[in-house]
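Some notes on the structure that comes next.
Residue numbers (the working numbering), protein chains in the order written: chain A, 1 to 286; chain B, 1001 to 1350.
Shown next as structure tokens:
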């Protein structure tokens, strides 16, 4: 690359990714936005031209609005639960001997590599009326009769948490490894017991990892489709499912597109607000 | 404030013996530096005192009581880490108050003590700053204030000046001495920088390979080290092989002899600092002929390096006056060790 300016070199290095993003992300997204601004399939409606009619429907139709609301709720709960489950695992990963660390990391990567459908099916079996969880509850006398756990919001959340775990564990683990051990030791030398040292220093200092993990997890949950389809019911449908129904069953592309664009905007808005909040609270870091 | 005793402390980590029975007695209010090359075990000793490294044998006592059974947070020690370890999410005042909060003191008392600590390190106007917005020297002072405000029995400093640039280091040396004088806390400084050790400590403990070789006042340690290794490690030193003859004289390389009483006949090593080597233009009694290899200007003085008989490396200090007309590289000079400052070491138990 002799003679080429650093700027040109940078651009050329970015070019493949840019071409890919434009061709397979921006163009379809643009098409979808355009579609969402039409009033009816194939513009057979006499009210031609572009307008916000479909967004009005998303806003005012009970089903799509409730689905959107439910999607945000399920995603928020799942993100919080994922954080609660992932944090101790990341801490354990951070403190354990190299052999166990490698073993756990491999397990995480294997679970990432296995099919989502297979994993969801696993939850269907596990949580089924005659599944192992119910058998355990019956055997322990906690429940008198099998509990109906599958095809519910709860089952969807459990499977989403499971799916999102690696996306939460890895950023937090990464943030933990960047905390110098002297911080914990400083807290201890100043009189903080192990738990207080953990909550007073490690937790706030691992905030970048928590932020990255929760952002990823929330985005993943917001766009979840297969998991709520398999473990939920029509009554607990998330917005992707409702949109897919418009695309695949009703063949109402504009309405479906409007739902997806609305989902994207809502996700973006929530994550933006979250980022600004975190920035304001932790503005003194680094 | 308290006396600190290390009694044959051994530390074994992962099958390796890091400390081979370190013993050290630090008086109440004394400042002792642990000095040694990297890997000598000085940091391990500090961490053993702090409770971060398990001790496999021996005893550590603070104010006469064993602390081996106590976890780090119950030892009441003030630690200043090499990277300062200031909590980035807390202000200077919150950082300094952390230890007091852990001790459950009330707000008013914490505020008062934090203000005093800030005044001690002269940072009163920085209380509400975050560490990210402090300079290296300021961070160091905050770390010091945070460690001192809890009124620790022992203050432990890990390479306290290592991260500072030269000019700041000199200023902080003076500052540390002032603070130590004002507070009077028993202090252990771990450092690989001999200037830091010699200038800050009341006594310096030189460590090699997991053992304290010598503990002495800085001036004595520099002028009269008991072992060749310490002589060699501290400052610049000439270590000249010589022989004590039957009639009690020292025969130097090249054949010159210096009268010397008291030593057993046999091979010895002479230790002599460069500043006690006279540079003569012509052979004199007890001088060694050497060929000048390099002259290095060092500010207050200059060093002359020369090669004596059989490739023996020698060095001598050139005074500013002598530097006006220094010997040329390749010229033969005659170096005469001042008999009054000669130290005899037995040959080779390093």
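Note that CB positions come from ideal geometry on N, CA and C, so glycine has one too.
The structure presented is a predicted model; accordingly, all values stated were derived computationally and were not measured.
Check: Rounded separation between residue 1346(B) and residue 94(A) - CA only; Outcome: 51 angstroms
Check: Continuous beta strand (DSSP E) stretch holding residue 1069(B): start and end; Outcome: Element bounds for residue 1069(B): n/a, residue is neither H nor E.
Check: Chain-ordered residues of the stretch 169 to 187 of chain A with a beta carbon less than 8 angstroms from chain B; Outcome: 180, 182, 183, 185, 186, 187
Check: Within chain A, the residues that residue 1085(B) reaches when beta carbons sit closer than 8 angstroms; Outcome: 180, 182, 183, 185, 186
Check: Contained alpha helix (DSSP H) runs [length at least 4] in the stretch 1207 to 1244 of chain B, N- to C-terminal order; Outcome: 1218 to 1223, 1228 to 1233
Check: Short Cβ contact (7 angstroms threshold) for residue 209(A) with residue 256(A); Outcome: no
Check: Interfacial residues, the stretch 1030 to 1051 of chain B to chain A, with Cβ spacing under 9 angstroms; Outcome: 1047, 1050, 1051
Check: Contact set for residue 58(A): own chain, Cβ-Cβ below 8 angstroms, skip 5 residues either direction; Outcome: 64, 65, 68, 255, 258, 259, 262
Check: Contact check, residue 1058(B) vs residue 1075(B), beta carbons under 7 angstroms; Outcome: no
Check: Beta carbon proximity, residue 191(A) to chain B, threshold 7 angstroms; Outcome: yes
Check: Short-range partners of chain B found in the stretch 195 to 211 of chain A, where Cβ spacing is below 9 angstroms; Outcome: 196, 197, 200, 201, 204, 205, 207
Check: C-alpha distance - residue 27(A) paired with residue 18(A), whole-angstrom precision; Outcome: 12 angstroms
Check: Any C-beta of chain A under 7 angstroms from that of residue 1072(B); Outcome: yes
Check: Neighbour-count burial assignment, residue 118(A), 16 or more Cβ in a 10 Å radius; Outcome: exposed
Check: Residue 108(A) to residue 148(A) span [Cα, whole Å]; Outcome: 29 angstroms
Check: Beta-bridge partners of residue 1158(B), as assigned by DSSP; Outcome: 1190(B)
Check: Residues that DSSP places opposite residue 1303(B) in a beta bridge; Outcome: 1296(B), 1317(B)
Check: Where residue 282(A) meets chain B, residues with beta-carbon distance less than 8 angstroms; Outcome: 1089
Check: Cβ shell of residue 1088(B) (< 8 angstroms), same chain only, five flanking positions each side left out; Outcome: 1130, 1131, 1132
Check: 8 angstroms Cβ cut-off: residues of chain A touching residue 1150(B); Outcome: 190, 191
Check: Beta-carbon proximity list for residue 1334(B), same chain, < 8 angstroms, skipping 5 on both sides; Outcome: 1279, 1280, 1281, 1282, 1283, 1284, 1287, 1288, 1289, 1290
Check: CB contact flag (residue 1033(B), residue 1009(B), <7 angstroms); Outcome: no
Check: Among 1144(B), 1183(B), 1293(B), the one whose alpha carbon lies nearest that of residue 1311(B); Outcome: 1293(B)
Check: Closer than 7 angstroms to chain D by CB, residue 1168(B); Outcome: Judged by its chain identifiers, the structure shown contains no chain D, and its protein chains are A and B.
Check: C-beta contact flag for residue 1110(B) and residue 1156(B) at 7 angstroms; Outcome: no
Check: Residue range of the unbroken beta strand (DSSP E) whose run includes residue 1079(B); Outcome: 1077 to 1080
Check: Selection from 245(A), 205(A), 213(A), 24(A) that minimises the alpha carbon distance to residue 85(A); Outcome: 213(A)
Check: Contact check, residue 166(A) vs residue 112(A), beta carbons under 7 angstroms; Outcome: yes
Check: Within 7 angstroms, strictly: CB atoms of residue 1020(B) and residue 1248(B); Outcome: no
Check: Residue 241(A) to residue 269(A) span [Cα, whole Å]; Outcome: 21 angstroms
Check: Cβ-Cβ distance between residue 1196(B) and residue 1082(B) below 7 angstroms; Outcome: no
Check: Residue of 1072(B), 1123(B), 1006(B), 1148(B) minimising C-alpha distance to residue 1137(B); Outcome: 1123(B)
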